[in-house]
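K.L.:
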Amino acid sequence: MKRRIGLGIAWLALVVASGFAAERSWQTGTWADVRTTRPRVVFGLQPSPNGPGPHTAPATTLVRVYVIETDVWRFELTDIAPASRRTVEAVVGEAVTFAVDKKTLYVRGRNGLEHRLRVTKKLAKSRLE
79 MKRRIGLGIA WLALVVASGF AAERSWQTGT WADVRTTRPR VVFGLQPSPN
129 GPGPHTAPAT TLVRVYVIET DVWRFELTDI APASRRTVEA VVGEAVTFAV
179 DKKTLYVRGR NGLEHRLRVT KKLAKSRLE
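Sequential numbering of the sequence shown, starting at 79, is according to my numbering.
(1) Which residues in the same chain have their Cβ closer than 6 Å to the Cβ of threonine 115, if we skip the five residues on either side of it in sequence?
(2) For threonine 175 versus arginine 196, is the C-beta spacing smaller than 8 Å?
(3) Apart from the five residues on each side of it in sequence, which residues of its chain come closer than 8 Å, Cβ to Cβ, to asparagine 189?
(4) Give the secondary structure of lysine 181 by DSSP, where H, G and I count as helix, E and B as strand, and everything else as coil.
(5) Quick check on the DSSP output: the beta strand (DSSP E) that includes valine 112 runs from which residue to which?
(6) Between alanine 161 and threonine 198, is the Cβ-Cβ spacing less than 8 Å?
(7) Should leucine 155 be labelled buried (16 or more other beta-carbon atoms within 10 Å of its own) or exposed?
(8) Arginine 194: which of Lys180, Ser204, Leu201, Ala202 sits nearest, CA to CA?
(9) Buried or exposed for valine 170, please, with buried defined as at least 16 other CB atoms from any protein chain shown within 10 angstroms of its CB.
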C-alpha cells in the first residue's frame with residue numbers, strides 16, 4: 079500500500095514537472111559567441127575535507143558568456159559555475175532551441191536536457207544596426 083502511494087506521488091510529480099516544461103514558448107536562434115573567463119580575485123576559504131585544520135582555497139569558478147541571435151533579438155547570457163560542472167554544448171554558428179522567462183533563458187541541449195542561464199542583456203536587432 080505504501081509503495082502504491084509512493085509511486086502515485088512520483089507519477090504526479092512527473093506529470094506536474096512535464097507540464098511546466100510544456101508551458102514554455104520555445105524559439106530557435108543561432109549561437110553567435112561563446113566565451114569563458116576566470117574571475118581575477120576569489121574571496122573566502124572552504125573547510126578542509128579532512129576535518130579540523132587548515133582551510134583550502136575555494137573551487138575554481140568559471141564565468142561562461144553565451145550570445146544567441148534571432149531575427150529580432152540578441153541575448154547575452156551568463157553562467158557562473160565551478161569548472162567541474164557540466165555546461166551547455168554551444169558551437170558558434172549552430173542552431174539552438176531556447177525559451178525565455180523574464181531574466182532566465184532555458185536552452186535545450188543535444189541530449190534533450192534543459193540548461194538554465196541568466197539573461198544579462200537583451201537587445202532588439204534594430205538597435206544594433
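Beta carbons: idealized from backbone N, C-alpha and C, even for Gly.
Note that the structure is a prediction, hence the values are computed from the model and not measured.
P.N.:
In terms of the structure at hand:
(1) A distance below 6 Å between beta-carbons, with the five flanking residues on each side excluded, links threonine 115 to the following residues of its chain, in chain order: Val141.
(2) Taking 8 Å as the cut-off, the beta carbon of threonine 175 is found no closer than this to the beta carbon of arginine 196.
(3) Contacts found: none.
(4) Three-state DSSP puts lysine 181 in coil, outside helix and strand.
(5) From DSSP, the beta strand (DSSP E) with valine 112 extends over 105 to 115.
(6) No. Outside cutoff.
(7) By the 10 Å Cβ count, leucine 155 comes out buried.
(8) The residue from Lys180, Ser204, Leu201, Ala202 with its alpha-carbon nearest to that of arginine 194 is Lys180.
(9) Exposed.
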